[in-house]
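**Student:** Using numbering that gives the first Met the number 0, the first residue of the sequence shown is number 0, and each one after it goes up by one. Glycine included, each C-beta is placed from N, C-alpha and C at the ideal position. Just so you know, these numbers come straight off a predicted model, no measurement behind them. Below you'll find the structure I mean.
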Amino acid sequence: MPFIKVAERVNLFVQDWGTGEPIVFIHGWPLSHRIFEYPMRVLAQCYRVIGIDLRGFGQSDKPWEGNDYDTWSNDIAQVIRALDLREVMLVGFCMGGAIAVNCLATHSDLPVTKLALLAATVPAAAPTPETQKLFRGFIEQNLADPAKFVHDFIAGGFQNPPSAESLRWLEERGAAASLHAQERGLEELLNCDLTEEMAQIGIATRIFHGLYDRVVPFTDAETQRRLIRGAEIVRFEKSGHALYWEEKEKLTEELAGFAFEKIAWVA
Numbered sequence: 000m001p002f003i004k005v006a007e008r009v010n011l012f013v014q015d016w017g018t019g020e021p022i023v024f025i026h027g028w029p030l031s032h033r034i035f036e037y038p039m040r041v042l043a044q045c046y047r048v049i050g051i052d053l054r055g056f057g058q059s060d061k062p063w064e065g066n067d068y069d070t071w072s073n074d075i076a077q078v079i080r081a082l083d084l085r086e087v088m089l090v091g092f093c094m095g096g097a098i099a100v101n102c103l104a105t106h107s108d109l110p111v112t113k114l115a116l117l118a119a120t121v122p123a124a125a126p127t128p129e130t131q132k133l134f135r136g137f138i139e140q141n142l143a144d145p146a147k148f149v150h151d152f153i154a155g156g157f158q159n160p161p162s163a164e165s166l167r168w169l170e171e172r173g174a175a176a177s178l179h180a181q182e183r184g185l186e187e188l189l190n191c192d193l194t195e196e197m198a199q200i201g202i203a204t205r206i207f208h209g210l211y212d213r214v215v216p217f218t219d220a221e222t223q224r225r226l227i228r229g230a231e232i233v234r235f236e237k238s239g240h241a242l243y244w245e246e247k248e249k250l251t252e253e254l255a256g257f258a259f260e261k262i263a264w265v266a
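Written out as structure tokens, the structure reads:
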């Protein structure tokens, strides 16, 4: 079942591998589920791993309407219900982390028992006038020259420059997104603050963050830990924002360990 219908004329691409307890992956701006292929293929040996392309991104449909945190969250919830998943571990990278937090807040009945935040843009990506001005510039730059902006954004996420081939591959993932979804994603990052939603999280949460992240500073991970009861931080000391690539082996091991843990958590 590579596609799941979440609305009229809106089908999401869903990669579903393996069997066992489910781990659901939500990618960040402007990429696709394929950034998680390394951990997914390893974890699929013991778990059911599900990678979702958000509407407007990757291989999913690209409608004009519904490119916002609430709709993306509703889409994720619909996929979880359509697959009849139980005891879900939800993994969100960058904007996908914000969507994961919003999904938990707006769909409190979902059977999610663990949350993994990877370089997540929470509680807010642009909390100050300076960062808001920066994000408005991002929107203008992306509309003016999306290929250059996506290139610069992805390249700027690395502490250690990737090969030209790797960077090109990642740019192709970003180029698969519609320009409208890219713009709306940046607008959501600019305007949304999930501080209250984070304080409501009552499940086991692990925060994975690159020490040299220049997109989402490491101080944001410390803020996340303060806001979410019982949350723990895992430091990636060789990574910038692209920890999914720069330390993919460590990320896979840490996700496997978190998935394996039997945690009793009471809100």
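Just mark L226 as buried or exposed, buried being the case when its beta carbon has 16 or more other beta carbons within 10 Å.
**Tutor:** buried
**Student:** So, helix, strand or coil for A6, using DSSP?
**Tutor:** In the three-state DSSP reduction, A6 falls in the strand class (E or B).
**Student:** Would you kindly report the start and end of the unbroken beta strand (DSSP E) that includes V100?
**Tutor:** Run containing V100: none in the beta strand (DSSP E); it sits in the alpha helix (DSSP H), M94 to T105.
**Student:** Put Q14 into one of helix, strand or coil per three-state DSSP.
**Tutor:** strand
**Student:** Of the choices W16, P110 and Q44, whose alpha-carbon is the least far from that of I75?
**Tutor:** Cα-wise, what sits closest to I75 is P110.
**Student:** Judging by CA-CA distance, which residue of L185, L142 and E86 is the nearest neighbour of I98?
**Tutor:** The alpha carbon of I98 has as its nearest neighbour, out of L185, L142 and E86, the alpha carbon of L185.
**Student:** Would you call the segment 20-33 and the segment 46-66 in contact, with 3 or more CB pairs under 8 Å?
**Tutor:** yes
**Student:** So what does DSSP say about P128, is it helix, strand or coil?
**Tutor:** helix
**Student:** Is the Cβ of R213 closer than 8 Å to any Cβ of chain B?
**Tutor:** Reference to chain B is not applicable here, since this structure consists of a single protein chain.
**Student:** Is the segment 28-44 touching the segment 241-256 in the sense that three or more CB pairs, one from each, lie closer than 8 Å?
**Tutor:** Verdict: yes, contact present.
**Student:** Just checking, does the segment 219-237 make contact with the segment 112-126 on the three C-beta pairs under 8 Å criterion?
**Tutor:** yes
**Student:** Starting from G209, follow its DSSP beta bridges and name the residues at the other end.
**Tutor:** F235
**Student:** State the DSSP-derived secondary structure class of G173, mapped to helix, strand or coil.
**Tutor:** helix
**Student:** Which residue marks the beginning of the alpha helix (DSSP H) containing L188, and which one marks its end?
**Tutor:** L178 to N190
**Student:** Going straight from the alpha carbon of T204 to that of A258, what length do you get?
**Tutor:** Taking the straight line from one Cα to the other gives about 11 Å.
**Student:** For E260, which residues from the same chain have a beta carbon less than 6 Å from its beta carbon, with the 5 sequence-adjacent residues on both sides left out?
**Tutor:** none
**Student:** Out of E253, W63 and V90, which has the shortest C-alpha to C-alpha gap to Q181?
**Tutor:** Of the listed residues, the one whose Cα sits closest to Q181 is W63.
**Student:** Can you give the Cα-Cα distance for F316 and G256, rounded to whole angstroms?
**Tutor:** Residue 316 cannot be examined here, being either before or after the span of the chain that is shown, 0 to 266.
**Student:** Could you say if the segment 187-207 and the segment 86-102 meet the contact criterion of at least three C-beta pairs nearer than 8 Å?
**Tutor:** yes
**Student:** So, F157 versus G239, is the Cβ gap smaller than 8 Å?
**Tutor:** yes
**Student:** Taking T112 and V87 to be in contact with their CB atoms under 8 Å, please state how far apart those CB atoms are, rounded to whole angstroms.
**Tutor:** The C-beta distance from T112 to V87 rounds to 7 Å, short enough to meet the 8 Å contact threshold.
**Student:** State whether the segment 78-95 contacts the segment 159-168, with contact taken as three or more CB pairs (one from each stretch) at a distance under 8 Å.
**Tutor:** no
**Student:** Closest to Y243 by CA distance: which of F207, L193 and F152 is it?
**Tutor:** F207
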